[in-house]
Amino acid sequence: MKRFFLGLAVVLLVPLSLQAQDAAKKKKADQKEKTAFQKLNDEYQKDYQEISAKFRKAKTDKERNELRSQFAKMSESFTLKYIKAAKVDPKSDSGFNCLTWVLQRNRSGKLFEESLDLLAKHQVANNKITQITSGLVYSTSAKATELLKAVVKNHPDKTVKGQTSIILAGQLKRIAEIQGNLKLYAEAQKVFEEAANKYGNIRTPRGTVAKASEVALKDMRGPRALGKIAPEIEAEDLDSENFKLSDYRGKVVMIDFWGNW
Amino acid sequence: MYPHERSLVKKMANKAFALIGVNSDSDREKLKPVRKKENITWRSFWNGKKGTRGPISQAWGVQGWPTLYVLDAEGRIRYKSSGAPSVEIIDGWIETLLKELESKGSN
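So the sequences go chain by chain: A and B. The numbering used here puts the first residue of the first sequence at 1, with every later residue one more than the last. The numbering used here puts the first residue of the second sequence at 1001, with every later residue one more than the last.
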């Protein structure tokens, strides 16, 4: 009998105590200050909604253009606010989120570089860093290279290291090709090789690191690599007349692979 | 791309420079009015009926359009970009290679 009551008491008490815990948690969350990032988001949302509402009501192109430039200015001033907030506590999640906000809206320029710099100094081990680094393959910024190198070197997770090393190699390849820099092209090949050796079986969104590296290296060592004499093209033109690439030897030639779409 | 290419072709008309396209539209006939309207005077190879999967772009490993390759006067691949870079970058490539060619010619 005594045991039965005890059991009943436990059954009754458990949900009660859980409820009490939930209530306490809720109270705590309400009391907790919003992070700098959350506060800025609220502020941004408010301004954004205001301009959007005006835009919907706008009647002329002139009004709409005016609002567009207002929006651009607002975006710019918020970028500065987010960076300032990030600098207060660059190691925090709020700091990380602020810098992510900036990088989503700025693909180049001083503030883009500054954000990358802060991430490289304070957020290299963040487990969400691939959200940032995956987009950097298209950046030609040296700061982007620095951040990618720091993540490959210092991130605790092998998967992140592997995925980022492919991005780093791809970014170096792109810069080398745009700059016509053979030394950097060789360095990019080395990074692809190292990535395949150390992280070959790590999965990336496009197959394994080994596969991505193999495809890139084949291209970089093939007949159409930077520094090689271009192989002949002989084909019909758009009016069905045959011609050859080598007809233009002696001239600087830009080949544009294009399509009208 | 067209406006910059038009001005480039015009600006370089008297220089040792050629813009060569590799067109990946599967239908050449449909392009005729576009060429006229956009004043596309420069010559293009045709990538064939398979369009973006045609033989030239496949051989050159092209996966995105536009892709640019820039060759010096000896035919060597000196620059490349998948995706169009800025006008300044493109002009810089060509100027560098033309200068290089001039300095070789004067030696």
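Cβ coordinates follow ideal geometry from the N, Cα and C atoms, glycine included. Only a predicted model underlies this, so the values are computations on that prediction, with no experimental measurement involved.
Euclidean distance between Cα positions of residue i and residue j
i	j	result
ILE260(A)	GLN1058(B)	The sequence given here places Asn at residue 260(A); Ile does not occur at that position. Approximately 18 Å between the Cα atoms of the pair.
THR164(A)	LYS1010(B)	43 Å
GLY1061(B)	ILE229(A)	16 Å
LEU136(A)	GLU241(A)	42 Å
LYS1099(B)	ARG203(A)	45 Å
SER139(A)	LEU148(A)	11 Å
SER52(A)	LYS39(A)	20 Å
LYS87(A)	LEU116(A)	12 Å
LEU16(A)	GLU33(A)	Legend: pLDDT at LEU16(A) = 48, less than 50; position of this residue unreliable, no value from coordinates given.
TYR48(A)	ASP42(A)	10 Å
ASP1025(B)	ILE1089(B)	26 Å
THR208(A)	ASN201(A)	6 Å
GLY250(A)	GLY1075(B)	8 Å
ALA212(A)	ALA150(A)	21 Å
GLU193(A)	GLU113(A)	28 Å
ILE221(A)	VAL253(A)	Per the sequence presented here, residue 221(A) reads as Arg, with Ile not at that position. Straight-line Cα distance between these residues: approximately 22 Å.
ALA142(A)	ALA120(A)	12 Å
SER69(A)	LYS1036(B)	36 Å
Contact under 8 Å by Cβ, residue i with residue j
i	j	result
VAL102(A)	THR79(A)	yes
ALA1018(B)	LEU1101(B)	no
LEU1031(B)	ASN1039(B)	no
GLY124(A)	ASN154(A)	Sequence inspection shows Val at residue 124(A); the Gly mentioned does not correspond to that position. Against a cut-off of 8 Å, the Cβ pair of ASN154(A) and VAL124(A) comes out as a contact.
ALA72(A)	ARG64(A)	no
LEU99(A)	LEU118(A)	yes
GLU349(A)	LYS244(A)	Limits of chain A in this structure are 1 at one end and 261 at the other, which puts residue 349(A) out of reach.
ALA36(A)	SER75(A)	no
ALA225(A)	ASP219(A)	yes
PRO1066(B)	TRP258(A)	yes
GLY1064(B)	GLY1083(B)	yes
LEU238(A)	ARG1006(B)	no
LEU217(A)	GLN179(A)	no
Extent of the continuous alpha helix (DSSP H) to which residue i belongs
i	result
GLY1021(B)	Careful: GLY1021(B) lies outside any alpha helix (DSSP H), inside the beta strand (DSSP E) at 1017-1023.
ILE175(A)	158-179
TYR44(A)	36-57
GLN104(A)	93-105
ASN1039(B)	From DSSP, ASN1039(B) is part of no alpha helix (DSSP H); its letter is neither H nor E.
GLN189(A)	182-199
Chain-order list of residues whose beta-carbon lies under 6 Å from that of residue i (same chain, five-residue window excluded)
i	result
TRP1093(B)	VAL1070, TYR1079
HIS122(A)	PRO90, LYS91
PHE96(A)	GLN123, ASN126
VAL1087(B)	HIS1004
TYR44(A)	PHE78
ALA1073(B)	LEU1101
LEU1068(B)	SER1081
Own chain partners of residue i with C-beta closer than 8 Å, once the 5 adjacent residues on each side are dropped
i	result
ILE1020(B)	TRP1042, ARG1043, SER1044, PHE1045
THR145(A)	LEU168, GLN171, LEU172, ILE175
ARG3(A)	No answer about ARG3(A) holds up, because its pLDDT of 49 lies below 50 and its placement is not dependable.
ARG67(A)	Going by the sequence as given, residue 67(A) is Leu instead of Arg. Excluding sequence neighbours, LEU67(A) sits near ILE51, LYS54, PHE55, ALA58.
GLU177(A)	TYR185, LEU226
ASN181(A)	ILE175
GLU214(A)	ALA196
Close beta carbons around residue i, own chain, < 7 Å, minus the five adjacent residues each side
i	result
GLU187(A)	LEU172
GLY1048(B)	GLY1054, PRO1055
LYS161(A)	VAL152, HIS155, TYR199
Secondary structure of residue i, DSSP reduced to three states
i	result
GLU113(A)	helix
LYS81(A)	helix
ALA235(A)	strand
VAL252(A)	strand
TRP258(A)	strand
ARG1078(B)	strand
GLN206(A)	It should be noted that the sequence gives Arg, not Gln, for residue 206(A). ARG206(A): coil per DSSP, three-state reduction.
ILE229(A)	strand
TYR138(A)	helix
THR970(B)	In the structure as shown, chain B begins at 1001 and stops at 1107. Residue 970(B) is therefore absent and cannot be evaluated.
GLN1063(B)	coil
ALA1013(B)	coil
ALA1084(B)	coil
THR1052(B)	helix
SER1103(B)	helix
LYS128(A)	coil
THR60(A)	coil
HIS155(A)	coil
MET1001(B)	coil
SER1057(B)	helix
SER69(A)	helix
ARG224(A)	coil
GLU33(A)	coil
PRO279(A)	Because chain A here runs from 1 to 261, residue 279(A) falls outside it and cannot be looked at.
Extent of the continuous beta strand (DSSP E) run through residue i
i	result
SER1044(B)	1044-1046
LYS244(A)	242-244
THR1067(B)	1067-1071
Proximity test, Cβ basis, 8 Å: residue i and chain C
i	result
GLY1105(B)	The structure shown contains no chain C; its protein chains are A and B.
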